[in-house]
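These notes concern the structure reproduced below.
Here's what the structure looks like:
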């Protein structure tokens, strides 16, 4: 035999698909075992149990392990690869070549008809998806487990506030208008509404109601903890009110563990006021079992108690001689809990469910604990990175074989849960396993099965029961009946149909109250939520494909999200920021300020006066920087600036001045200024002055020198300096006269037009430049003077002249959106040639920095990648406002300059919608049917999708004095966003770091941008 | 016309409970009578129509709704309905779920209905309404009477107007649905009259919809308007949503609702109006 173990990072496939891949590989010739799974702790344990050496791997890695005959291994690996390749959804096929499938619930819901979002992604990631659904006004069914209780409370509070229903978490069942969401049975429609804080408990009750010929109206799963003290019955109360106004519902059953005191009181208060009978089926010591509780409902409805379906083998087993232990192996948590309660009279029951849970995963999988045993294989510790046992039977079947072989085992009690999303044919694997188990015990081992399902389930109760009975199992619909039978067999007492459990408590049946109090106060909220039960259902499914497929099988319209695990940032930070109650409103406000901002060119002025720039103070691009960390082009530009200002006579002297700190350096962004590339601004330079008439902001930018050997790319030769002197002496004053003569120039309007003309506003500004010239030409010529031709020729000959107006226009819009507590919108992205830094609206003036990366693109002349400096310049402000790389689709010709192809231009813009808060209707992209530019980068969305903003940029030579070497594409380092996310999380209300100042990896700065 | 052979396609559908007899009964032959974007229509020998609809299409009471897509059947192709499914050529549409085309209405009072009727005034003058002006005024107004001359109204309106569902039938359907759903004391005999007189005078689809209306089964947006009318909430919004059905059908249905409400007001008013006179 040969063993193959491979760890593949960067692949995510949901656990149900992986189980299917594992099965396909295990079924290949010569394969003895295979495990293809995410490398969670549980799965690594399982791998060790299979005899493999455990590799270094984490829960985001894909594990491929195959044990096969040496000559069969290659073929088995090929099967694994082919199956895994088949799981990669062909994104392009359904939606056209450059379409980008939605990556988050928020982006999928834009323009979606879905009324409900069904979420089954891993718990730590589920909160953000659920919040997206609520923020978009959709009901949410949160199938995921492992959602922290404080997040559950936050989500349910938000749902209540919006008049929406949040079902779940960790109670994987609901039936709305006959559509099964998650795990649910095909139950006949009838007058009983079910509210369930228990998944399989609710399935048991609804299947019994079906068998009694009664049926259900709707089943609303409210989450396993809804009746806890922390959650306080929030969803139960909503569900009760919803069902009370549903015309099909005549009485309600609440299925749950016993409620916490206050939550229970709240439920009773609300129930008493509903105007229809509410029955409480609370599973716990001193309460009737679920079957008895269902019988009480039937009695109250005047329906005679039926004889519950059962199927017995031709020759039922007697007790195993010498056996003294009941072994219950369950897939359903509530069914396991009920069995543990009913088995209590036998003596000590070891279990991983219920109040006395004391069994861990390792003991369950490999140990032989003493005493009676009831295991829930659906518990969190046994499902991490694996599909639920209702789908994936492997762990339970292995345990069945182990325990059956133990002579102390007197009887094995199993549950099988049918219905949508469950194993399509559980008996196919369980019946042979039961047979083998009984054989291993010499045929004397009784096996009792609690089979929860209906005749109309896809698997068919009768068919499954026949197959299991044929394997020698006794099969009961009632879990209580099955457990009592197993208890009787264990204690070797004769089987009895009477309850061996003392004190059959009278069920708590709340009296029917005739007068319904129709509180008009919450009537509106109710009417909104009531649509869930009355309007045709359409679902957005996020997570396991299985659930989406099961909706298709039920003729329910379903859309899907191409969800993947968060690629950067800590999951707990994502969840905390996601549930920040300020976030939605803060981001709306930030985005609307950004979109409302205007940008008018009002003057052209020297930096010394405009910025009150003292002598020997220079501005530079990017986050704060000191000479010792400055890169080649930044140093070159600073040397040139010293020479330009006459502070030194030679480049060497200039460098010495800079080395000893003879010039103060400050970021442009701290002075309402932006500068392309090195962005160096000196007192003698002339600046464009732009004003935002909406918010009153002002922003500045230097005049553009042209391409090639220029100061901003780090060149400082005499011709470079001569040009700058001419710009200060001639160009600046001429433009000032023209602008003053013309009156304010609407820069935003020109930007809007340039997008219609093939520019993207960062690396292609040709149309913008010509439109500016057209605007000012009359005044330029009218002012006359000997140098007017020079000025016009200079502007017309520089395709990037208008960039220096797009940038301050963007700066104005983003400064208007600064400092909104709770907002996760990026307000600056900038680079100084050494570091890339971002600023976020909700975190004030803090910079989140990481080493800048080298762009990838096309090079001028003989230059190559080795000549390029890391990313530099404030010009990424254009992407921050939704232009540049975000608008590549508007400028397909840009690919000739920065590399890539037209398809890339289109798909880039489309993918940026996944990480932005909205669209800018003023900046419309013709080829996308005039869709607005993707605008307002959301730190949270970047972290969730791992999609980084796309920046189009120029490349400077890394040696000081070289100038431009090319142009290309670059992205910010992911660390900037991870750090920003962390800082946002620390500032969320109630978080430990909320009042503790800035987060750790932050460059603290003193001056704001606005 | 036999259906061209192709790979079998299974398309699960959710069916109107109003089709339960037809779809769960023995197999009977149907033909594809129409097929367009978002809808396909099948017709049996007796002229009963079964629609196959995309989720976004208006929910007709004679429809099955597919979750995914709608077949592109050729006109005239042969098929069957019955045994819990629809089969046309290589397509198999099993019914996996049923939905109720009868609006679930809570009991209400005449004052609330009168208030709602007032909010439906002026339908004749709305943009989609020029065709309404072409309907015989006397017949239209006659429907508002407490004891309408049903045969006269049906003779005047059935089959009148353009479209797959002529506008006159839309008005009749909206009016009859209102009487049956809100429990007009004479709903049962009136419904029998309408169906009896209209037979053979209008299109198969209209006739099918009238038969469903006689049982209190109606298009989703009409049911929503009746719900709004009985609760007194969101009547204008429901009316606008109904107006979006078809070209002018929604407006015709809404006018029918208003006439029906007038008829209800004039009938011997029970203290509370019940949840339908048709057995549920």
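Residue numbers (my numbering), protein chains in the order written: chain A, 1 to 1010; chain B, 1011 to 1290. Where is the CB? At the ideal position from N, CA and C, for every residue including glycine. Nothing here was measured: the structure is a model prediction, and the numbers come from that model.
With a CB to CB cut of under 6 Å and the five nearest residues on each side skipped, what residues in its chain are close to residue 1166 of chain B?
1146, 1149
Against chain B, does residue 882 of chain A count as a neighbour if the rule is that its beta carbon must be under 8 Å from one of theirs?
no
May I ask you to verify whether the segment 266 to 273 of chain A touches the segment 232 to 248 of chain A, counting CB pairs closer than 8 Å and requiring at least 3?
yes
Under 8 Å, do residue 819 of chain A and residue 844 of chain A count as touching if we go by C-beta distance?
yes
What separation, rounded to the nearest whole angstrom, lies between the Cα atoms of residue 510 of chain A and residue 255 of chain A?
Here the model assigns residue 510 of chain A a pLDDT of 37, short of 50, so the residue's position is not dependable and the matter cannot be decided.
Starting from the C-beta of residue 1230 of chain B, find all residues in its chain whose C-beta is less than 7 Å away, skip the five residues before and the five after it, and write them out in chain order.
1068, 1069
Go ahead and label residue 1019 of chain B buried or exposed: buried means 16 or more other beta carbons lie within 10 angstroms of its beta carbon, across all protein chains shown.
In this structure residue 1019 of chain B is exposed. Its beta-carbon is surrounded by fewer than 16 other beta-carbon atoms within 10 angstroms.
Just confirm the distance between the C-beta atoms of residue 281 of chain A and residue 205 of chain A, as a whole number of angstroms; I'd bet it's less than 8 Å.
6 Å
Please state the DSSP three-state secondary structure of residue 372 of chain A.
Secondary structure of residue 372 of chain A (DSSP, three-state): strand.
Beta carbon proximity, residue 552 of chain A to chain B, threshold 8 Å:
Yes, residue 552 of chain A counts as interfacial toward chain B.
Residue 885 of chain A and residue 695 of chain A: beta carbons closer than 8 Å?
no
Between the Cα of residue 1184 of chain B and those of B:1196, B:1228, B:1193, spot the shortest distance and give me the residue it belongs to.
Measuring from the Cα of residue 1184 of chain B, the nearest candidate turns out to be B:1228.
Please compile the residues from chain B whose C-beta is within a distance smaller than 9 Å of the C-beta of residue 179 of chain A.
1024, 1107
Residue 1075 of chain B versus chain A: which residues are under 7 Å apart at the beta carbon?
555
Residue 892 of chain A versus chain B: which residues are under 8 Å apart at the beta carbon?
Per Cβ cutoff of 8 Å: no residues; residue 892 of chain A is ~32 Å from chain B at best.
Mind checking the segment 1195 to 1218 of chain B against chain A and listing, in chain order, the residues whose C-beta falls within less than 9 Å of any C-beta there?
none
Using the Cβ count rule (16 or more neighbours within 10 Å means buried), how would you classify residue 1017 of chain B?
exposed
Have a look at residue 987 of chain A and residue 582 of chain A and give me their C-alpha separation to the nearest angstrom.
11 Å
Leaving out five residues before and five after residue 228 of chain A in sequence, what residues of the same chain have Cβ atoms less than 6 Å from its Cβ?
260
Give a yes or no on whether the minimum CB-CB distance between residue 361 of chain A and chain B is below 8 Å.
Not one chain B Cβ lies under 8 Å of residue 361 of chain A.
Enclosing beta strand (DSSP E) for residue 815 of chain A [first to last residue]:
Where residue 815 of chain A is concerned, there is no enclosing beta strand (DSSP E), although the alpha helix (DSSP H) it sits in stretches over 803 to 816.
Near-chain B residues of the segment 416 to 431 of chain A (beta-carbon distance less than 8 Å), N- to C-terminal order
When C-beta distances to chain B are compared with 8 Å, every residue of the segment 416 to 431 of chain A stays at or above that value.
Decide if residue 535 of chain A is buried, meaning its Cβ has at least 16 other Cβ atoms within 10 Å, or exposed.
exposed
So if DSSP puts residue 182 of chain A in a beta bridge, which residue, or which two residues, is it bridged to?
Residue pairing for residue 182 of chain A: DSSP places it in a beta bridge opposite A:173.
With C-beta atoms as the reference, is residue 355 of chain A less than 8 Å away from residue 940 of chain A?
no
For the segment 699 to 713 of chain A and the segment 942 to 949 of chain A, state whether three or more C-beta atom pairs, one from each stretch, are separated by less than 8 Å.
no
Terminal residues of the beta strand (DSSP E) in which residue 829 of chain A lies:
826 to 832
Those residues which DSSP pairs with residue 639 of chain A across a bridge:
Paired residues: none, contrary to the question.
Name the chain E residues whose beta carbon is nearer than 9 Å to that of residue 558 of chain A?
Here the protein chains are A and B, and chain E is not one of them.
Give the list of continuous beta strand (DSSP E) stretches no shorter than 3 residues that lie fully inside the segment 554 to 634 of chain A.
558 to 560, 600 to 606, 617 to 620
Pairwise C-alpha distance: residue 834 of chain A and residue 629 of chain A
7 Å
Could you tell me the alpha carbon to alpha carbon distance between residue 716 of chain A and residue 963 of chain A, rounded to whole angstroms?
9 Å
Identify the contact partners of residue 536 of chain A in chain B, using a Cβ-Cβ distance below 8 Å as the criterion.
1065, 1069, 1075, 1109, 1230
Touch check for the segment 129 to 144 of chain A and the segment 168 to 176 of chain A: three-plus C-beta pairs under 8 Å?
yes
Against residue 247 of chain A, what residues of chain B qualify as contacts under a CB-to-CB distance less than 8 Å, listed in chain order?
1114, 1115, 1116, 1285
Buried or exposed, going by whether 16 or more other CB atoms sit within 10 Å of the CB of residue 1212 of chain B?
buried
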